[in-house]
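Participant: There's a structure below that I have some questions on.
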Amino acid sequence: MAGEFRRFKPLFRVLNECGARYVVIGGVATILHGFLRFTKDLDVVVDLEPAAARRVIDALKAQGFLPHAPVDPDDFADRRIREAWTNEKGMKAFSMFDGERPWLTIDLFIRERSDFEAFWARAETKHVDGLPVRIASIEDLLAMKRAAGRSGDREDIERLEQILADRRRPPRARDAALDDPWQACTWQGMRDAQFRAGLAATPAQRIEELEDMIEFVHEAARHRDFVVDNEGTVIDLTAPRG
């Protein structure tokens, strides 16, 4: 795993080595299920049994992680304090960042799931650069995004539904959908075909493609001489107008 996505590797290692029962949700889980898009942090649901939660916090502190909020990180293991954070401060996640690399951030969800055991059992294991990563099932991701009701999740929901439908489709029907020449002869058809073809890629290949996209955006931001419009067209700002 190279480039931008590598920043999450230390977090995966910390969670694995401390023996945490965790499930990755949010953008990273969506990417590992097959939909390439940008994400800036790692969203995680952990076992909030006090000893388990304390183990996660101790492991993060040992690696130099600090809380974004002015609170004692050890309080994360106390259910009553977490409830106060939610009720009094409106907190949904406890965010920690690497003191030496402040762009490396992990968000630990603070609301306890009554169905954590089933949620954990439904999760899938993906391998990222050789590291096992436990991610939420597509069904659970969809349920969480629908419940959140955020407009920014609409495309995630649409694509995750497509991935789920493709998984449930018989192999012969799936191959036919990829090979239908008439379907491919429309703009939407070509975009759908490109999306479905990506389902066959490994997580590492998907991540590599995402990193290329991110590198392109960063290059554009540095030079500020071209932009990309909503249709994906590159516009050269230095070209003469008129």
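Heads up, the sequence shown is in the numbering used here, so the first residue is 1390 and it goes up one at a time.
By construction, the Cβ of each residue, glycine as well, lies at the ideal position given by its N, Cα and C atoms.
No experiment lies behind these values; they were computed from the predicted model shown.
(1) For residue 1485, name the three-state secondary structure that DSSP assigns.
(2) Taking the alpha-carbon positions, what's the residue 1451 to residue 1429 distance?
(3) Mind checking whether residue 1431 and residue 1485 have CB atoms under 7 Å apart?
(4) Buried or exposed for residue 1415, going by 16 or more other Cβ atoms inside 10 Å?
(5) Quick check on DSSP: helix, strand or coil for residue 1408?
(6) In the DSSP assignment, what residue or residues form a beta bridge with residue 1515?
(7) Taking the alpha-carbon positions, what's the residue 1487 to residue 1478 distance?
(8) If residue 1548 sits next to residue 1424, beta carbons under 8 Å apart, how far is it from one beta carbon to the other, in whole angstroms?
(9) Are the Cβ atoms of residue 1529 and residue 1543 separated by less than 7 Å?
(10) What residues are listed by DSSP as bridge partners for residue 1494?
(11) Is residue 1414 helix, strand or coil by DSSP?
(12) Pull up the distance between the alpha-carbon of residue 1435 and that of residue 1459, whole angstroms please.
(13) Measuring CB to CB, does residue 1523 end up less than 7 Å from residue 1412?
(14) Under the three-state reduction of DSSP, which class applies to residue 1445: helix, strand or coil?
(15) Please classify residue 1461 as buried or exposed, where buried requires at least 16 other C-beta atoms within 10 Å of its C-beta.
(16) In or out: residue 1427 buried (at least 16 other Cβ within 10 Å) or exposed?
(17) Please check the pair residue 1433 and residue 1496, which I expect to be a contact at CB under 8 Å, by giving their CB distance rounded to whole angstroms.
(18) Is it the case that the Cβ atoms of residue 1463 and residue 1470 are separated by a distance below 7 Å?
(19) Use the C-beta contact count for residue 1492: other C-beta atoms within 10 angstroms, 16 or more gives buried, fewer gives exposed.
(20) Note down the Cα distance separating residue 1513 from residue 1531, rounded to an integer number of angstroms.
(21) To the nearest angstrom, how far is the alpha carbon of residue 1507 from that of residue 1526?
(22) Smallest Cα separation from residue 1419: which of 1404, 1550, 1503?
(23) Measure the beta-carbon distance from residue 1482 to residue 1498 and round it to whole angstroms, keeping in mind my assumption that it falls under 8 Å.
(24) Tell me which residue opens and which closes the alpha helix (DSSP H) that residue 1555 is part of.
(25) Assign residue 1422 to buried or exposed, taking buried as 16 or more other Cβ atoms, counted over all protein chains shown, within 10 Å of its Cβ.
Facilitator: With the given structure in hand:
(1) Looking up residue 1485 in the sequence shown gives position 96. Of the three classes helix, strand and coil, the one that applies to residue 1485 here is strand, per DSSP.
(2) Along the sequence shown, one-based indexing puts residue 1451 at 62. Along the sequence shown, one-based indexing puts residue 1429 at 40. Distance between the alpha carbons of residue 1451 and residue 1429 is about 23 Å.
(3) The residue given as residue 1431 occupies position 42 in the sequence shown. The residue given as residue 1485 occupies position 96 in the sequence shown. Taking 7 Å as the Cβ cut-off, residue 1431 and residue 1485 do not qualify as a contacting pair.
(4) The count along the sequence shown starts at 1 and reaches residue 1415 at position 26. Buried, because 16 or more other Cβ atoms sit within 10 Å of the Cβ of residue 1415.
(5) Translated into positions along the sequence shown, residue 1408 becomes position 19. Coil, per DSSP.
(6) As a first step, residue 1515 must be located in the sequence shown, where it is residue number 126. Looking at the DSSP assignment, residue 1515 forms a beta bridge with 1522.
(7) Translated into the one-based positions of the sequence shown, residue 1487 becomes position 98. Translated into the one-based positions of the sequence shown, residue 1478 becomes position 89. When rounded, the distance between both Cα atoms is 23 Å.
(8) Along the sequence shown, read from residue 1 onward, the residue named residue 1548 stands at position 159. Along the sequence shown, read from residue 1 onward, the residue named residue 1424 stands at position 35. Confirmed, Cβ separation roughly 4 Å.
(9) For the purposes of this step, residue 1529 is identified with residue 140 of the sequence shown, where counting begins at 1. For the purposes of this step, residue 1543 is identified with residue 154 of the sequence shown, where counting begins at 1. Result no, Cβ atoms of residue 1529 and residue 1543 do not sit closer than 7 Å.
(10) Translated into positions along the sequence shown, residue 1494 becomes position 105. Looking at the DSSP assignment, residue 1494 forms a beta bridge with 1486.
(11) Translated into the one-based positions of the sequence shown, residue 1414 becomes position 25. Of the three classes helix, strand and coil, the one that applies to residue 1414 here is strand, per DSSP.
(12) Residue 1435 sits at position 46 when you count from the first residue of the sequence shown. Residue 1459 sits at position 70 when you count from the first residue of the sequence shown. Whole-angstrom Cα-Cα distance: 21 Å.
(13) Working through the sequence shown from its first residue, we reach residue 1523 at position 134. Working through the sequence shown from its first residue, we reach residue 1412 at position 23. The answer is yes: Cβ separation under 7 Å.
(14) What you label residue 1445 is simply residue 56 of the sequence shown in a count that begins at 1. Helix.
(15) Within the sequence shown, numbered from 1, the residue matching residue 1461 stands at position 72. That one is exposed.
(16) As a first step, residue 1427 must be located in the sequence shown, where it is residue number 38. It is exposed - the Cβ of residue 1427 has fewer than 16 other Cβ atoms within 10 Å.
(17) Counted from its first residue, the sequence shown places residue 1433 at position 44. Counted from its first residue, the sequence shown places residue 1496 at position 107. Rounded, the Cβ-Cβ distance is 7 Å, consistent with contact.
(18) Counting from 1 along the sequence shown, the entry for residue 1463 is found at position 74. Counting from 1 along the sequence shown, the entry for residue 1470 is found at position 81. For residue 1463 and residue 1470, no; Cβs fall outside 7 Å.
(19) Position 103 of the sequence shown, counted from the first residue, corresponds to residue 1492. When all chains shown are included, residue 1492 counts as exposed.
(20) Counted from its first residue, the sequence shown places residue 1513 at position 124. Counted from its first residue, the sequence shown places residue 1531 at position 142. Those two C-alpha atoms are separated by around 14 Å.
(21) Stepping through the sequence shown from its first residue, residue 1507 is reached at position 118. Stepping through the sequence shown from its first residue, residue 1526 is reached at position 137. C-alpha separation (whole angstroms): 11 Å.
(22) Numbered from 1 along the sequence shown, position 30 holds the residue referred to as residue 1419. Considering only alpha carbons, the answer is 1550.
(23) Position 93 of the sequence shown, counted from the start, is the residue given in the question as residue 1482. Position 109 of the sequence shown, counted from the start, is the residue given in the question as residue 1498. Residue 1482 to residue 1498, Cβ: 5 Å. Contact.
(24) On the sequence shown, position 166 is the one that residue 1555 refers to. Its alpha helix (DSSP H) spans residues 1543-1557.
(25) On the sequence shown, position 33 is the one that residue 1422 refers to. Counting Cβ neighbours within 10 Å, residue 1422 comes out buried, since at least 16 surround it.
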